[in-house]
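In our numbering, the protein residues as written are 4 to 183.
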């Protein structure tokens with residue numbers, strides 16, 4: 004990063020500390036699931052260079068969801084199968100707010116603010132199968148039914164959308180959250 008001062012880089016350390024992560028089926032928890040990742044989070048919140056070779060916070064691209072692997076909602080639903088939709092959405096909101104307020108540029112994927120899911124159950128009794136989970140985790144060649152956005156969730160999750168809107172407003176109006 005120090006050789007390319009005007010280029011941004013995805014911050015995987017921050018991502019995994021906030022939400023946990025999944026790589027080829029191995030799933031681990033992050034802060035929003037109760038993992039003790041506070042030392043990494045403190046560095047990410049302050050824009051610490053210890054998390055990478057960044058020369059300035061404008062090189063740090065913070066994210067908790069992108070097109071690959073589980074999206075945020077699906078990872079948290081997988082980690083917490085006994086929690087309600089409302090409990091999962093509180094975790095989605097917390098992770099998204101943390102991501103937005105850290106030093107650096109914030110990146111969000113479409114539908115993150117309303118808990119977009121790519122978990123489509125195809126089991127005989129409406130249950131999620133191993134293949135369903137694999138498709139959601141690695142959906143580049145999955146059918147439209149997996150990759151489409153369920154826009155009806157916007158109506159169902161207005162509170163989450165408004166919360167994220169307020170966090171974005173806070174970031175843009177408060178100098179402490181600026182990377183300039």
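Positions of the beta carbon are idealized from the N, C-alpha and C atoms, including for glycine.
Query, Result
"Would residue 68 and residue 75 be called neighbours here (beta carbons separated by less than 8 Å)?", "yes"
"Only counting the same chain, and skipping five residues up and downstream in sequence, which positions put a Cβ closer than 7 Å to that of residue 92?", "118, 160 and 163"
"Below 8 Å, how does it come out for the segment 128-140 and the segment 101-110: are there three or more Cβ pairs, yes or no?", "no"
"Unbroken alpha helix (DSSP H) runs of length 4 or more, entirely within the segment 104-145: which are they?", "133-140"
"If contacts are defined as beta-carbon pairs under 8 Å, then residue 12 and residue 95 qualify, I think. What distance do you get, rounded to the angstrom?", "About 24 Å separates the two Cβ atoms, so there is no contact after all."
"In whole angstroms, what is the alpha-carbon distance linking residue 3 and residue 10?", "No answer is possible for residue 3: the residues shown for the chain start at 4 and end at 183."
"Output yes or no for whether 8 Å exceeds the beta carbon distance between residue 143 and residue 58.", "no"
"Between the Cα of residue 30 and those of 44, 19 and 152, spot the shortest distance and give me the residue it belongs to.", "19"
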